[in-house]
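Protein chains in written order, with our numbering: chain C, 384 to 770; chain F, 37 to 265; chain L, 10 to 303. The beta-carbon is built from N, C-alpha and C at its ideal position, and this holds for glycine as well. The structure under discussion appears below in the form of structure tokens.
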């Protein structure tokens with residue numbers, strides 16, 4: 384972990400003898416402080432003002448013995464993993480379908496898909512779970528809490544993955560699309576055969592992170608009485624009044640599983656980098672609201688080595704987020720000064736050609752070249768973006 | 037049909053829906069304050085030369101990133117309050133509110149720390165090298181060179197973390213905060229199950245209305261503040 | 010590349026169907042052959058509790074007795090969890106044949122389901138720490154801290170009738186409440202005395218019942234609306250269970266060491282409900298029928 388974090392290594396010089404001594408002293412002080420807090424907590428647990436010694440073996444044994452595992456933790460873990468797995472698989476399908484729908488040339492399909500996805504991303508998972516639970520139960524569906532958990536996970540994580548697909552496509556260098564169009568593929572063919580597959584590889588790390596989110600969110604199922612790991616450990620705890628101990632055990636189980644998944648997510652960008660031309664950085668929290676703010680491209684820009692001799696560095700495309708659709712995308716390039724000509728400024732016959740091949744809705748526009756807007760660095764830009 | 041609709045409208049008078057959203061907003065606000073303060077402290081620890089602090093901060097982030105919030109909330113009540121007897125007030129409602137805020141805050145702090153770290157990753161190595169070459173100490177280069185740029189690069193993940201926090205504030209139900217939105221929705225569905233879809237839509241659209249401006253603002257600020265290199 | 014996507018989607022669809030099938034498979038074997046499906050609580054020690062594949066508690070003992078009387082062997086009973094909020098729906102959808110899940114008979118519920126029984130008259134009571142001397146009834150709760158389960162009406166009864174200055178903590182289950190009581194952050198837990206007795210029996214002598222129930226809850230066997238024949242058979246089974254002494258034995262087994270005795274003014278009850286469309290007075294009852302509650 385330390386090696387990956389370049390900044391931690393580079394923020395300070397290799398300390399000299401004096402610095403090393405200071406660090407050693409500080410280390411000891413910090414370690415003592417942390418240990419002191421731990422001891423205070425343990426003493427408090429050992430000898431609370433009221434109630435029982437929470438560290439006694441009498442309480443821990445029933446939380447750890449074989450019966451606890453076979454009768455409570457493992458069945459609960461099975462249901463937790465079952466819901467998480469069904470949720471993540473379903474959300475992959477949901478995400479792929481809606482991500483692609485949001486990129487299709489047809490504006491009506493895009494609009495409807497956008498409404499659905501944005502809605503699902505904004506509603507808290509717990510609110511969805513409670514609603515589906517009561518709704519399904521009212522309709523007489525058995526195991527309503529299971530389906531409520533799974534469906535809520537699918538809708539939320541699926542909508543996030545849909546956005547990852549879409550922004551993954553938006554983040555590809557435009558050369559990918561241009562090359563496939565030049566090879567004679569239609570707009571949709573280029574999307575399905577060239578761009579989306581690369582976007583999938585680019586979004587893999589974020590998807591695994593999303594798996595961790597889904598796994599953690601299954602614990603919300605205990606609020607709607609789904610008998611997951613958390614709920615089972617509560618029940619075990621109600622037998623011997625050692626609910627703190629059983630919850631601690633289940634917390635450790637959750638942690639271990641999520642930690643393994645997190646490590647995989649962390650290792651993935653390196654595996655995926657060869658298979659896509661887009662940025663693959665894992666994100667802390669995936670974009671979860673309209674416009675998809677993210678700093679992936681900024682990270683990629685920072686990691687791109689600068690050429691020697693003062694030459695202009697070749698930076699990757701900026702993030703397009705909601706501009707992933709082609710029309711907005713070229714416009715965005717223009718705003719970001721990566722493209723010096725706006726598509727609307729192309730000659731009429733080229734625009735007609737684009738319209739024909741790409742199903743683009745380019746409005747015919749009078750050719751009135753003006754000087755670029757004030758903040759533009761380049762003087763070569765001609766004409767303003769559409770008003 | 038119209039009678040049905042009138043009944044539905046009466047729900048607004050019968051239940052304090054705006055009040056419930058206000059509870060969630062308050063939870064979010066105070067938790068965000070805690071999370072930002074803790075998160076900045078954690079990121080300072082994480083990039084500091086002192087290895088025990090680095091280890092602590094990394095462990096903290098790993099722990100909370102991989103722990104379900106529901107469990108943390110339950111532990112806030114049964115562990116922190118129940119066993120360690122740390123309480124904020126003798127009045128239960130106030131106490132549980134602040135326990136939930138603390139739980140949300142310490143949980144979100146890990147994500148704030150990770151967001152800032154991802155912001156640090158938007159800074160080219162040359163910046164740190166240059167500040168060292170100028171002879172700046174760790175604190176100087178951290179507070180004057182690295183963190184200001186990191187915060188600008190971290191606007192996007194921080195905004196997303198804020199949105200996640202707002203949505204997570206519904207989990208306060210697990211910490212006995214009975215006045216927030218998901219609890220109120222449960223109660224309303226319990227007594228008016230014939231309007232279940234309408235009730236759900238009230239709350240869902242409430243969250244959409246709250247979250248969309250945050251998303252727009254985040255994107256705007258992220259593009260505006262990003263350091264052009 | 011297209012192939013990869015197609016394959017991915019195909020695998021995903023397959024995986025989802027496998028997972029959902031796995032979840033469903035346990036449900037199908039109910040109606041076809043000679044089996045009876047009974048809804049109970051899975052999470053209330055002493056009343057209805059699931060531990061691995063075994064089920065314990067007073068409701069379970071009664072349910073088992075009734076099933077035997079109806080001609081079902083142990084292995085022919087299918088136990089199903091019946092959470093409080095879903096009991097009516099489960100009966101209406103015919104997911105279960107009967108429900109014994111601390112299910113009190115109320116007029117409100119009789120609109121949608123029918124009840125046989127009652128097989129126990131429970132009453133709302135308080136659970137306190139063994140060293141407690143100050144709380145001897147619901148009137149003593151002013152300024153005290155009370156724990157109850159989220160959405161339960163037990164706490165409302167106390168607040169409205171006895172002491173409105175009580176502070177209320179809501180937890181997802183009684184186990185959390187009892188843990189909170191253990192550690193001293195609340196002073197009492199309230200719900201039906203049989204449930205409290207189940208909690209107390211696991212507490213290694215640290216919790217006790219106040220033992221002065223202040224409501225009457227007639228626990229009935231929830232049945233499909235209009236199932237009078239079954240109700241007659243069940244009532245006969247319950248009355249037989251009482252007369253043979255098995256009923257008292259079941260109480261004894263499930264609440265031993267807690268000092269719990271069912272309110273003798275009403276117990277053991279005479280099962281006479283649900284045999285026709287007319288409502289029948291509770292036998293042994295001197296008061297009017299109790300309030301709607303858990």
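For residue j and residue i, the rounded distance between their alpha carbons
i                     : j                     : result
residue 152 (chain F) : residue 182 (chain F) : 10 Å
residue 662 (chain C) : residue 261 (chain F) : 21 Å
residue 485 (chain C) : residue 100 (chain L) : 44 Å
residue 221 (chain F) : residue 581 (chain C) : 42 Å
residue 573 (chain C) : residue 409 (chain C) : 58 Å
residue 241 (chain F) : residue 227 (chain F) : 21 Å
residue 97 (chain F)  : residue 143 (chain F) : 9 Å
residue 51 (chain F)  : residue 224 (chain F) : 8 Å
residue 625 (chain C) : residue 188 (chain L) : 8 Å
residue 137 (chain F) : residue 115 (chain F) : 15 Å
residue 152 (chain L) : residue 207 (chain F) : 28 Å
residue 177 (chain L) : residue 162 (chain L) : 12 Å
residue 233 (chain L) : residue 651 (chain C) : 55 Å
residue 506 (chain C) : residue 173 (chain F) : 46 Å
Residue i and residue j closer than 9 Å at C-beta
i                     : j                     : result
residue 238 (chain L) : residue 113 (chain F) : no
residue 259 (chain L) : residue 125 (chain L) : no
residue 590 (chain C) : residue 470 (chain C) : no
residue 429 (chain C) : residue 632 (chain C) : no
residue 139 (chain F) : residue 187 (chain F) : no
residue 146 (chain L) : residue 221 (chain L) : yes
residue 512 (chain C) : residue 603 (chain C) : yes
residue 648 (chain C) : residue 595 (chain C) : yes
residue 175 (chain L) : residue 167 (chain L) : yes
residue 157 (chain F) : residue 189 (chain F) : yes
residue 206 (chain L) : residue 264 (chain L) : yes
residue 59 (chain L)  : residue 90 (chain L)  : yes
residue 465 (chain C) : residue 610 (chain C) : no
residue 232 (chain F) : residue 518 (chain C) : yes
residue 17 (chain F)  : residue 204 (chain F) : Since the first residue shown for chain F is 37 and the last is 265, residue 17 (chain F) is missing from the structure and cannot be characterised.
residue 473 (chain C) : residue 536 (chain C) : yes
residue 605 (chain C) : residue 92 (chain L)  : no
residue 230 (chain L) : residue 283 (chain L) : yes
residue 585 (chain C) : residue 687 (chain C) : no
residue 598 (chain C) : residue 111 (chain F) : no
Residue i - containing alpha helix (DSSP H), residue span
i                     : result
residue 130 (chain L) : It is not in any alpha helix (DSSP H) - residue 130 (chain L) instead sits in the beta strand (DSSP E) that spans 123–131.
residue 255 (chain F) : 232–261
residue 64 (chain F)  : 53–82
residue 174 (chain F) : 174–177
residue 409 (chain C) : 400–429
residue 46 (chain F)  : 38–50
residue 622 (chain C) : 612–623
residue 185 (chain F) : 183–189
residue 101 (chain F) : 87–101
residue 190 (chain L) : 183–192
Range covered by the beta strand (DSSP E) that runs through residue i
i                     : result
residue 572 (chain C) : Note, residue 572 (chain C): premise wrong, no beta strand (DSSP E); alpha helix (DSSP H) at 570–573.
residue 200 (chain L) : 197–201
residue 95 (chain L)  : Careful: residue 95 (chain L) lies outside any beta strand (DSSP E) and carries neither H nor E.
residue 159 (chain L) : Where residue 159 (chain L) is concerned, there is no enclosing beta strand (DSSP E), given that its DSSP letter is neither H nor E.
residue 227 (chain L) : 226–232
residue 143 (chain L) : No beta strand (DSSP E) contains residue 143 (chain L), which DSSP labels as neither H nor E.
residue 287 (chain L) : Counting along the chain, residue 287 (chain L) falls outside any beta strand (DSSP E), and DSSP gives it neither H nor E.
Integer Cβ distance of residue i from residue j, believed to fall under 8 Å
i                     : j                     : result
residue 71 (chain F)  : residue 148 (chain F) : 5 Å
residue 218 (chain F) : residue 534 (chain C) : That pair is no contact at about 16 Å.
residue 53 (chain L)  : residue 130 (chain L) : Incorrect: roughly 18 Å between the Cβ atoms, too far for contact.
**OP:** Would you mind listing the alpha helix (DSSP H) stretches within the region 520–602 of chain C that are 4+ residues and don't spill past its ends, in chain order?
**Re:** You should have 527–553, 557–565, 570–573, 579–601.
Original post:
For the region 227–279 of chain L, which segments carrying the beta strand (DSSP E) assignment without a break, of at least 3 residues, lie completely within its bounds, in sequence order?
Top reply: Here no run is fully enclosed.
Original post:
For the region 628–696 of chain C, which segments carrying the alpha helix (DSSP H) assignment without a break, of at least 4 residues, lie completely within its bounds, in sequence order?
Top reply: 679–686, all fully within the region 628–696 of chain C.
Subject >> alpha helix (DSSP H) segments (min. 4 residues) lying fully within the region 424–470 of chain C >> reply: As far as the region 424–470 of chain C is concerned, its whole alpha helix (DSSP H) runs of at least 4 residues are 440–447.
**OP:** Just list the alpha helix (DSSP H) runs in the region 54–116 of chain L, keeping only unbroken ones of 4 residues or longer that don't cross its boundaries, in chain order.
**Re:** List check, alpha helix (DSSP H) in window: 67–78, 96–101.
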